[in-house]
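S.K.: I have a structure I would like to understand better, so I am pasting it below and will then ask my questions one at a time.
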Amino acid sequence: MLRQTARYTWIERKRRQRDRSSEQNSAASRPEAACCSQLSLLSAPSLDVPHCFLRRDSKAIELRNSDSSDGGIRKSYMRDLETSLLRAFVVTAECGSVSKAARRLARTQAAVSMQLRRLEDDVGVQLLRRGPRGMDLTEAGHVLLPYAHKILGLGASARRALSGQTVEGRIRLGMIEDIAVGSLPKALQSFAASYPGVALDLTVADSDALSEKLSSGLLDIVVGDPARIRIAPILAWQLPLRWVAARGFVAQEQIPLPLITFDGTCSWNQKMTAALNSVTRPWRTALSSTNLSSIQSAIEAGLGVAVLLDVNIRRATMTVLEPADGMPPAPLVEFGLFMAEGKDLSSQPIGALWECIANELQIPQDDLASR
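Printed below as a string of structure tokens:
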């Protein structure tokens, strides 16, 4: 009887060894086997369990005691979010479309879409949805976005710190309202996360006021209208305007076209009326305002037609008028980058800030002209 009991114990021990060997071989065939092997060697002794193996699901790596009757989950290790996936998510959120994000990241649209799907599979929630204005953030996407900025910013800061390139200081940036609104604040948020030691002071005003502040030494960098700023820009580029009206707006040819214009000495008004005069289209000024949000509200109310940059068009409530609608080609407007004396793009924080702005405004490098 004792001999039979001993033989049974030996057979049971062998069976358990085979089971553990089979589990280890199965784990080794998975992509995370190398990581799991290292984690098992490091963690198992500290847990004081006789036999451990690792299991990974979509969100965590779990260390289990194979001898426990209930599966014995001892500790769970949350997997890190991949920075390459977070970068694709952040850039898509800033650009508003996968195609624009792909151009900025120098990748194919399919590759960026796959990265976004992988990130959503990893976190287990939908982060982006297609809307009338492109890709919109879901509620979960809004939660993740500031964390993604911080993670990417801390990574860039760590690299600079390790290379002895920690940057501190202050940049005083001036911009006209047409550039400062829209999605540009997201780009400035990304810059602030990457350079936490740099204080960014933003001034939004018209080009005449920005020119005065720049000449007085109150601003370091200005983005504005070259026709209204007294010094020469170091870079200049053009962006197209669009004829914009409320959805459902119908322009009647027999009466003057009602225009919504920017008040004051705005070169856009001159370009807008010159384009209409070139096709002998009668017009009248229905409303003037110095505030962009007031212009946008007047357009949405159906009070008339205005010219706006692409980034300032509210696609859900506004429509772009084309030549088929009886409109002439919309004019181009010029912008310039101006620097205070002693400042240039070669300094790291200023150069990085300009890169964020240029990417957000989607300025092709071929369009930039040095002065």
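Sequential numbering of the sequence shown, starting at 9, is according to our numbering. No residue lacks a Cβ here, since even glycine has one placed at the ideal position from N, Cα and C.
When you compare each of W291, M122, A314 and I187 to R250 by their alpha carbons, which one comes out closest?
M.R.: A314
S.K.: So, does the stretch 92-109 touch the stretch 149-168, judging by three or more C-beta pairs under 8 Å?
M.R.: Yes, since at least three Cβ pairs between the stretch 92-109 and the stretch 149-168 fall closer than 8 Å, the two stretches touch.
S.K.: If you draw a straight line from the C-alpha of G359 to the C-alpha of P266, how long is it?
M.R.: 42 Å
S.K.: First and last residue of the beta strand (DSSP E) that includes Q246?
M.R.: L243 to A254
S.K.: Note down the Cα distance separating A96 from L160, rounded to an integer number of angstroms.
M.R.: 11 Å
S.K.: Give the single residue among R137, T116, I187 and R115 whose Cα lies nearest to the Cα of L317.
M.R.: I187
S.K.: Quick one: what's got a C-beta closer than 6 Å to S121's C-beta in the same chain, skipping five residues either side?
M.R.: V106
S.K.: Using 8 Å as the cut-off, can you tell me whether the stretch 207-214 makes contact with the stretch 176-184, which would need three or more C-beta pairs spanning the two stretches below that distance?
M.R.: Pairwise C-beta distances place the stretch 207-214 in contact with the stretch 176-184, as three or more of them are shorter than 8 Å.
S.K.: Determine, using beta-carbon pairs with one atom in the stretch 254-266 and one in the stretch 305-312, whether at least three such pairs fall under 8 Å.
M.R.: With the cut-off at 8 Å, the stretch 254-266 and the stretch 305-312 touch.
S.K.: Would you list, in sequence order, the uninterrupted beta strand (DSSP E) runs of no fewer than 3 residues that lie entirely inside the stretch 125-182?
M.R.: 136-139 and 142-145
S.K.: Could you pull out every residue in the same chain whose Cβ sits closer than 6 Å to the Cβ of A164, ignoring the five residues on either side in sequence?
M.R.: S202
S.K.: With burial defined as no fewer than 16 other Cβ atoms inside 10 Å of the residue's Cβ, what is the status of V151: buried or exposed?
M.R.: exposed
S.K.: For S198, count the other beta carbons within 10 Å of its own beta carbon; 16 or more makes it buried, fewer makes it exposed. Which is it?
M.R.: buried
S.K.: Can you tell me where the alpha helix (DSSP H) with I184 in it begins and where it stops?
M.R.: First-last for I184: undefined, no H or E at that position.
S.K.: Rounded to whole angstroms, what is the Cα-Cα separation between S171 and M280?
M.R.: 51 Å
S.K.: Are there 16 or more other CB atoms within 10 angstroms of the CB of S219, so buried, or fewer, so exposed?
M.R.: buried
S.K.: Are any of the Cβ atoms in chain B nearer than 9 Å to that of I184?
M.R.: Among the chains in the structure shown there is no chain B, since it carries only a single protein chain.
S.K.: Just to confirm my understanding: we take R387, look at its own chain, exclude 5 residues before and 5 after, and list those with CB closer than 6 Å. What are they?
M.R.: Nothing about residue 387 can be read from this structure; the chain reaches only from 9 to 379.
S.K.: Go ahead and label D233 buried or exposed: buried means 16 or more other beta carbons lie within 10 angstroms of its beta carbon, across all protein chains shown.
M.R.: buried
S.K.: T146 and L162: beta carbons closer than 9 Å?
M.R.: no
S.K.: Whose CA, out of I263, I321 and V231, lies closest to the CA of A348?
M.R.: If we check each option's Cα against that of A348, V231 comes out closest.
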